[in-house]
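Here is the structure we will look at, set down as structure tokens.
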Amino acid sequence: MAEGEKFDGILLGLAQQMEGGVPELLDTLFSFLRRKTDFFTGGGKEAAKKMLLDKFDHHERLSLQDLKIRQEEAEARARRIAKQKEKKQKELERERERELEQQQEQPKFVELSDEEAKKVQQKIDQEKQDNASASPPKDESTAEACCHRASKDDSEDEDSKNKIKPNSGNGADMPNYKWTQTLSDIELKVPFKVSFPVKGKDVVCEIKSHHLKIGLKGHEPIIDGELHKTIKLENCYWVIEDKKTVMVTLEKVNKMEWWSRLVATDPEIDTKKVEPENSKLSDLDGETRSMVEKMMYDQRQKEMGLPTSDEQKKQDVLKKFMAQHPEMDFSKAKI
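Here it is, written out as structure tokens:
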């Protein structure tokens, strides 16, 4: 405690009893000095006034310095907010530019003359004949690809068989608690079935980077196990809701993956069936949002047995190479 603050309690109590505010408080202090001390007469005619003005000037300077600091902090906050808005606006502009570029890259229709159309039709007919002559090996590779895709789907179905479907919050409803998640954090609710209102002193809540323990003092813990992934302790907290339920918020270290369980003893949820809210994507920065959207797209493609974005790029490169080298035989190539 600073030297000047140790009497704040006494002075605050005194000021609260003064209905006349600061003038009445000053009048009381000067009355005390007049009646109980020689403040006005002990040091000469002008000594008391000089002492009073010196102290006034000193604290006026301190007050102005404090005001200046507060104004500078407010201006710094305003600059930070303006900078964040400017950054967000630039990201929106870049996103619009990317959309325009994608629209411009879309193939355009070109009107052909009768002679050009005839040449194109002849080329198409020739390609059909070539494909027909090479159909057996191509059908064989296609069948093999279909079998491979079917076996992959069967293995994915087998992998999902022993997993539970996530709840509406992309977590799980357990017998004694419920948890939900976003890419950045976990929200856990633990209701206590007791007849008395729960207070903070009744709760046992131990949060560690890899372990979680929650319960009531004198009772078996409801949760006591190793967390599925690592959390940031400095951004974790718990509160009591409705005097019956403890709500815990945990921040993930890795914000690019979904948790399949809260603690090691929980059954796994099927993270392929997680449905993130689109509105939450807008809270991410441009780079992170692009990565998340790519993950979501690849996940949907896998569920439908279709190539991911990386696999599609490889196929496009191969098709382009085939188009540039028609003299080569690609009939047995697996695309």
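Okay, so the sequence shown: first residue is 0 according to numbering that gives the first Met the number 0, each after it adds one.
For glycine and all other residues, C-beta sits at the position ideal for the given N, C-alpha and C.
Distance CB(residue i)-CB(residue j) smaller than 9 Å
| i | j | result |
| --- | --- | --- |
| residue 222 | residue 175 | yes |
| residue 189 | residue 238 | no |
| residue 90 | residue 285 | yes |
| residue 167 | residue 179 | yes |
| residue 224 | residue 264 | yes |
| residue 183 | residue 251 | yes |
| residue 318 | residue 308 | no |
| residue 164 | residue 170 | no |
| residue 259 | residue 230 | no |
| residue 187 | residue 232 | no |
| residue 196 | residue 243 | yes |
CA-to-CA distance, residue j to residue i, given in whole angstroms
| i | j | result |
| --- | --- | --- |
| residue 253 | residue 287 | 12 Å |
| residue 26 | residue 65 | 26 Å |
| residue 278 | residue 234 | A caution first: residue 278 carries a pLDDT of 47, below 50, which makes its placement in the model too unreliable to give a value. |
| residue 58 | residue 34 | 26 Å |
| residue 63 | residue 236 | 38 Å |
| residue 304 | residue 290 | 21 Å |
| residue 85 | residue 72 | 20 Å |
| residue 340 | residue 322 | Summary: the structure shown does not reach residue 340, with the chain confined to residues 0 through 334, and so no result is reported for it. |
| residue 10 | residue 56 | 21 Å |
| residue 30 | residue 22 | 12 Å |
| residue 161 | residue 220 | 27 Å |
| residue 268 | residue 75 | 45 Å |
| residue 120 | residue 228 | 59 Å |
| residue 302 | residue 272 | 10 Å |
| residue 24 | residue 14 | 6 Å |
| residue 135 | residue 129 | In this predicted model, residue 135 has a pLDDT of only 45, less than 50, meaning its place in the structure is not dependable enough to derive any value. |
| residue 38 | residue 61 | 25 Å |
| residue 194 | residue 200 | 16 Å |
| residue 266 | residue 4 | 56 Å |
| residue 185 | residue 298 | 22 Å |
| residue 17 | residue 255 | 59 Å |
| residue 126 | residue 257 | 47 Å |
| residue 327 | residue 83 | 55 Å |
| residue 216 | residue 198 | 11 Å |
| residue 54 | residue 211 | 56 Å |
| residue 218 | residue 295 | 42 Å |
| residue 32 | residue 41 | 11 Å |
| residue 144 | residue 312 | With a pLDDT of 46 at residue 144, under the threshold of 50, the modelled position of that residue is not reliable, and no figure is offered here. |
| residue 49 | residue 36 | 17 Å |
DSSP beta-bridge partners of residue i
| i | result |
| --- | --- |
| residue 171 | 178 |
| residue 246 | 188, 238 |
| residue 223 | 212 |
| residue 203 | 214 |
| residue 230 | 251 |
| residue 316 | None; residue 316 has no bridge partner. |
| residue 268 | 163 |
| residue 262 | 226 |
Expected contact under 8 Å - CB spacing of residue i and residue j to nearest Å
| i | j | result |
| --- | --- | --- |
| residue 262 | residue 226 | 6 Å |
| residue 336 | residue 306 | There is no way to answer for residue 336, as the model of the chain reaches only from 0 to 334. |
Any chain D beta carbon closer than 9 Å to residue i
| i | result |
| --- | --- |
| residue 46 | Chain labels in this structure do not include chain D; a single protein chain is all it has. |
- [ ] Note down, one range per segment and in chain order, each alpha helix (DSSP H) of at least 4 residues found wholly within the stretch 69-104.
- [x] Positions of the alpha helix (DSSP H) runs, each at least 4 residues long and wholly inside the stretch 69-104, cannot be given because no such run exists.
- [ ] Output the residue ranges of the alpha helix (DSSP H) runs that lie fully inside the stretch 8-71 and measure 4 residues or longer, sorted by chain position.
- [x] With a minimum length of 4 residues, the unbroken runs of alpha helix (DSSP H) contained wholly in the stretch 8-71 fall at 21-35.
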